[in-house]
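The block underneath contains the structure these notes are about, expressed in structure tokens.
Protein chains in written order, with our numbering: chain A, 1388 to 1731; chain B, 1388 to 1731.
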């Protein structure tokens, strides 16, 4: 039995209580200052209002003012903030952490540096502190609902040290939560971050067919063409990020699941019908769109790399079109012909 | 204006009349001996009964007894038989063909040699004749319905000679039918053939969730895990086939679209609920299952390569499980843990 403290009681942080309690660990779920209402509800009857599931018995719920106490004695810290909470976690939580207690983050994403380098969140965390803390991350396709329902999921834990990763795996792994390990942090994080941009790209075709049909009917040749083009561009992006091409399958599996549901599909579909970006965002009011943020960063990074002569924007016609959409330069006009290639 | 003769009036052969007539070519659609009824219907009123679409004006419909006349003077021959018609095309049609008139085939698939080599259909055609005929093929995700509806599609024409491919592209390409070109025939054909096996694999998860929920509700983490695993195994298979890894995106785009519909999804879903293979086939009576044939060949090929020490079956846990299902050795029992990997 180990002690695991999860910071952030959003859907994924809360769903992780399921495999952890399944394995009999002591689990402390600490809300961020934005999670007060969720924690109050959970303390009352362990029903999670946004996850819409009962959390397992035996989880300890804490408001953020008790974070330090909840962190004390933990064997593992889980960072379960959204990418919008990244800076908060760096400035507020990391100073509370002890050396030699590993952190594992569920936040997916990359940050673009001015020179076009894309840096993963574990790397950002490392740079925030002088303490010797092992920062690891969870990548791969896993929706919180299905994890909470104990449906089979396969994720990848990445970090610098394979022994730390093996220890983490031993704590989290269950028959329904399968875990691969990789020390290629940049590769894993880049692969799973990129899928945000491309899920928006693939779902444009859904909007296209809705607009053509005048009702919610999907066409698949166009989706498949965009999916294929996404895989092609993701392969190139992985190389630019300095991540191994063998991580592609992680991003592609994640792309597949992201296309099916959630907020990214919604914005892509709306944009695909020809709606302007601001109107589409208005229609989705109240929804945090990490995919748009990540897509914007990826576009900026590729453009910066192109200026340096390291990348060619013409190798990324779909990503560039996504950029045009979210930067309000155009409405949908998929550059099909730019996807054609010749190999001989 | 060119003359294009299509042999086989099934759904895909018939859908190709749409881009060809859009470009104003003379199109002759010749039924195989199995297509008599379809041709009779088309001669009457140009409505295609299985495609459920009106074919464009100006197509000439011919019974197979007039094949020789229909082939005479053609600039391009399209082979649009199913993989079950391959031998018939070799023995009956190829002897009628003239040298220097290129053939392009829509049949997807590979044939396994006893040593485990997977050979593409254009290669099989080449080996059937001493005539100097250029055999080319169409790969990539394209359902006949949507092609007939002029929805955007992106395919790849492959063949040995890039100039021949460019000429073919000039004949077939339209704003809605985008065409990439590749001289890596083995790579393209292998990529698109493999997706048959893996589409069956991914859709097992659909059956799993139907069985778990007792109704038609899909779960996505498990589908994504199988999709990711498919991409991983397809990458390895491409290498074994001797095709370039850069063809992966073709197979993945095609995998994506195949999962959504049609016969492969049906058999995968039924097997995923735990049904035995023979019962599942019975439930789908009357349906030709190319995917099962292709899956069986791929399984056999990998096993043969493993015997020769060229491949390890443990690198293909999903494919091997598909083999167990279709060879009636097991009912569904997805080897989730075998998908886990360590990279360091």
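The beta carbon of each residue, even a glycine, is placed where N, CA and C say it ideally should be.
- Fully enclosed beta strand (DSSP E) runs of no fewer than 3 residues occupy 1446-1449, 1463-1466, 1490-1492 of the segment 1432-1497 of chain A, in order along the chain.
- Scanning B:1409, B:1394, B:1443, B:1395 for the CA closest to the CA of residue 1564 of chain B turns up B:1409.
- Under DSSP, residue 1524 of chain A takes part in a beta bridge, and its partners are A:1492, A:1545.
- Neighbourhood of residue 1678 of chain A in chain B, by CB distance below 7 Å: empty, with the nearest CB roughly 16 Å away.
- Closest by C-alpha distance to residue 1630 of chain A, out of A:1579, A:1461, A:1644, is A:1579.
- Listed in chain order, the alpha helix (DSSP H) runs fully inside the segment 1665-1699 of chain B are 1677-1694, counting runs of at least 4 residues.
- Where residue 1565 of chain A is concerned, the enclosing beta strand (DSSP E) starts and stops at 1564-1569.
- Taking the C-beta atoms as reference points, residue 1508 of chain A is found nearer than 7 Å to residue 1494 of chain A.
- Ranked by Cα distance from residue 1665 of chain A, the first of A:1677, A:1713, A:1703, A:1698 is A:1713.
- Bounds of the beta strand (DSSP E) holding residue 1393 of chain B are 1390-1394.
- Within chain B, no residue has its CB atom less than 8 Å from the CB of residue 1653 of chain A, the nearest being about 16 Å off.
- Apart from the 5 residues on each side of it in sequence, residue 1640 of chain B sits with its Cβ closer than 6 Å to the Cβ of 1528 in its chain, given in chain order.
- Between the beta-carbon of residue 1395 of chain B and that of residue 1466 of chain B there is about 7 Å, and that keeps the pair under the 8 Å contact cut.
- The C-alpha of residue 1729 of chain B lies about 6 Å from the C-alpha of residue 1569 of chain A.
- Nearest to residue 1610 of chain B by C-alpha distance, out of B:1505, B:1438, B:1586, B:1488, is B:1586.
- For the segment 1699-1714 of chain B, the beta-carbon criterion of a distance under 8 Å to any beta-carbon of chain A is satisfied by none of its residues.
- When C-alpha distances from residue 1492 of chain A are compared across A:1537, A:1498, A:1470, A:1503, the shortest belongs to A:1470.
- In this structure residue 1555 of chain A is in contact with residue 1544 of chain A, their Cβ atoms being roughly 6 Å apart against a cut-off of 8 Å.
- Less than 7 Å divides the Cβ of residue 1496 of chain B from the Cβ of residue 1681 of chain B.
- Counting only residues of its own chain and dropping the five nearest sequence neighbours on each side, residue 1441 of chain A has a CB closer than 7 Å to the CB of 1433, 1434.
- For residue 1541 of chain B, the neighbours in chain A by C-beta distance under 9 Å run, in chain order, 1608, 1609, 1611, 1612, 1613, 1615, 1616, 1723, 1726, 1727.
- Between the segment 1587-1604 of chain B and the segment 1644-1661 of chain B there are three or more inter-stretch CB-CB distances shorter than 8 Å, so the stretches are counted as touching.
- Neighbours of residue 1664 of chain A in chain B, taken as residues at a C-beta separation under 7 Å, are lacking, since the least C-beta distance is about 22 Å.
- Nearest to residue 1392 of chain B by alpha-carbon distance, out of B:1488, B:1473, B:1421, B:1428, is B:1488.
- Close to residue 1528 of chain A, with beta-carbon spacing below 9 Å, are these residues of chain B in chain order: 1607, 1608, 1610, 1611, 1612, 1614, 1615.
- In the DSSP assignment, residue 1506 of chain B falls outside any alpha helix (DSSP H) and lies within the beta strand (DSSP E) extending over 1505-1507.
- For chain A, the residues of the segment 1553-1572 of chain B that bring a beta carbon within less than 7 Å of one of its beta carbons are 1565, 1566, 1567, 1568, 1569, 1570, 1571, in chain order.
- Neighbours of residue 1544 of chain B in chain A, taken as residues whose beta carbon is under 7 Å from its own, are absent, since the nearest beta carbon is some 10 Å off.
- Exposed is the label assigned to residue 1478 of chain B, since fewer than 16 other Cβ atoms lie within 10 Å of its Cβ.
- Non-local beta-carbon contacts of residue 1407 of chain A in its own chain, meaning distances under 6 Å to residues more than five positions away in sequence, involve 1391, 1414 in chain order.
- Cβ contact annotation for residue 1476 of chain B (same chain, cutoff 6 Å, sequence separation greater than five): 1466, 1468, in chain order.
- When secondary structure is reduced to three states using DSSP, residue 1719 of chain B falls in the coil class, being assigned neither helix nor strand.
- In its chain, beyond the 5 residues on either side, 1502, 1503 have a beta carbon closer than 8 Å to the beta carbon of residue 1695 of chain A.
- By DSSP's assignment, residue 1729 of chain B forms a beta bridge with A:1568.
- Residues of chain B whose Cβ lies closer than 8 Å to the Cβ of residue 1533 of chain A are, in chain order, 1606, 1607, 1608, 1609.
- Contact annotation: residue 1416 of chain A and residue 1448 of chain A have beta-carbon atoms nearer than 7 Å.
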